[in-house]
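Residue numbers (my numbering): 20 to 212.
These notes are about the structure you will find just below.
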Ligand code: AMP
């Protein structure tokens with residue numbers, strides 16, 4: 020079973036992906052995590068994307084499609100893929116469909132975590148504050164200015180994917196404002212239907 024978690028920054032995609040990894044032995048493929056890892060390890064690509072990420076804009080389709088392709092080539096036996104933060108543009112969605120088809124696989128569900136913008140800002144500002152309280156450093160893009168750009172990127176570039184997957188018959192919507200457990204149950208209901 021291969022699924023996409025869709026939703027704006029702060030909707031809870033990463034949290035719910037982690038739950039599915041634990042409960043269903045699925046593999047989480049988060050392009051955001053891959054890009055942050057590239058930055059930390061100081062690769063050429065990591066240096067190229069740093070400023071774009073900090074500003075809250077999207078890195079090129081070519082880079083993220085390349086990252087996903089590499090991961091699909093290396094992962095072994097498991098309960099399926101959770102695409103978290105990918106695809107974010109229509110060309111990425113087409114590329115994902117083609118990559119899965121090459122592997123003789125397909126997409127089972129695109130699940131939208133529905134939230135509202137005020138809650139997102141609270142969650143992200145809260146996430147940054149928690150990181151500081153724990154003695155760490157918040158994500159460089161977890162600030163209000165970058166968040167505005169990330170939200171705009173979501174509405175302009177990513178939200179068209181809702182129509183795209185609806186038309187393909189893959190879209191399910193889940194209320195992302197409930198407790199973590201409630202959201203987890205609603206996602207499970209989609210996967211087990
Ligand atoms: P995330 O952790 O998913 O919020 O991603 C953090 C940042 O990484 C985003 O704001 C983008 O700059 C970049 N990024 C992550 N995934 C993608 C993607 N699929 N396409 C373009 N940029 C991405």
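Where a beta carbon is used, it is the ideal one built from N, C-alpha and C, also for glycine.
What are the start and end residues of the alpha helix (DSSP H) that includes residue 165? In the chain shown, residue 165 corresponds to position 146, counting from 1. Per DSSP, residue 165 belongs to the alpha helix (DSSP H) from 163-172.
Cut-off 6 angstroms between Cβ atoms - residues of its own chain near residue 112, not counting five sequence neighbours on either side: Taking the chain shown and counting its residues from 1, the one referred to as residue 112 is at position 93. Correct list, in chain order: 106, 180, 183.
So within the region 128-197, which uninterrupted beta strand (DSSP E) runs reach at least 3 residues, ignoring any that extend past its ends? Correct list: 128-133, 190-194.
Under three-state DSSP, which class holds residue 52? Numbered from its first residue, the chain shown carries residue 52 at position 33. Looking at residue 52 - three-state DSSP - the assignment turns out to be helix.
With hydrogens ignored, establish whether the beta-carbon of residue 157 is closer than 8 angstroms to any heavy atom of the ligand AMP. Start at 1 with the first residue of the chain shown, and residue 157 comes out as number 138. Residue 157 Cβ: outside cutoff for every heavy atom of the ligand AMP.
Return yes when the C-beta of residue 163 is under 8 angstroms from any heavy atom of the ligand AMP, and no when it is not. Numbered from 1 along the chain shown, position 144 holds the residue referred to as residue 163. Every heavy atom of the ligand AMP is 8 angstroms or more from the Cβ of residue 163, so no.
Can you check the region 45-99 for any beta strand (DSSP E) of at least 3 residues that lies completely inside it and give the ranges in chain order? Within the region 45-99, the complete beta strand (DSSP E) runs of at least 3 residues are 46-49.
Cβ neighbour criterion (16 or more within 10 Å) applied to residue 223: In the structure displayed, the chain extends from 20 to 212; residue 223 sits before or after that span and is not available.
Evaluate residue 21 with the Cβ neighbour count: other Cβ atoms within 10 Å of its Cβ, from every protein chain shown; 16 or more gives buried, anything less gives exposed. Residue mapping note: residue 21 aligns to position 2 of the chain shown, counting from 1. It is buried - the Cβ of residue 21 has at least 16 other Cβ atoms within 10 Å.
Beta bridge counterpart(s) of residue 24 as assigned by DSSP: Reading the chain shown from its first residue, position 5 is the one you call residue 24. Answer by DSSP bridge pairing, in chain order: 103, 130.
I want to check one thing, is the minimum distance from the CB of residue 204 to the heavy atoms of the ligand COA below 8 angstroms? This structure does not include the ligand COA; its bound ligands are the ligand AMP.
Could you tell me the distance, in whole angstroms, from the CA atom of residue 38 to the CA atom of residue 67? Position 19 of the chain shown holds residue 38. Position 48 of the chain shown holds residue 67. Each residue's Cα considered, the two are about 32 angstroms apart.
Between residue 129 and the ligand AMP, is the CB less than 8 angstroms from at least one heavy atom? Here residue 129 is taken as the residue at index 110 of the chain shown, counted from 1. No, the ligand AMP has no heavy atom inside 8 angstroms of this Cβ.
Of all the options 164, 211, 200, which has the alpha carbon lying nearest to the alpha carbon of residue 72? On the chain shown, position 53 is the one that residue 72 refers to. Of the candidates 164, 211, 200, the one whose C-alpha sits nearest the C-alpha of residue 72 is 164.
State the Cα-Cα distance for the pair residue 74 and residue 110, rounded to the nearest angstrom. Position 55 of the chain shown, counting from 1, holds the residue named residue 74. Position 91 of the chain shown, counting from 1, holds the residue named residue 110. About 22 angstroms.
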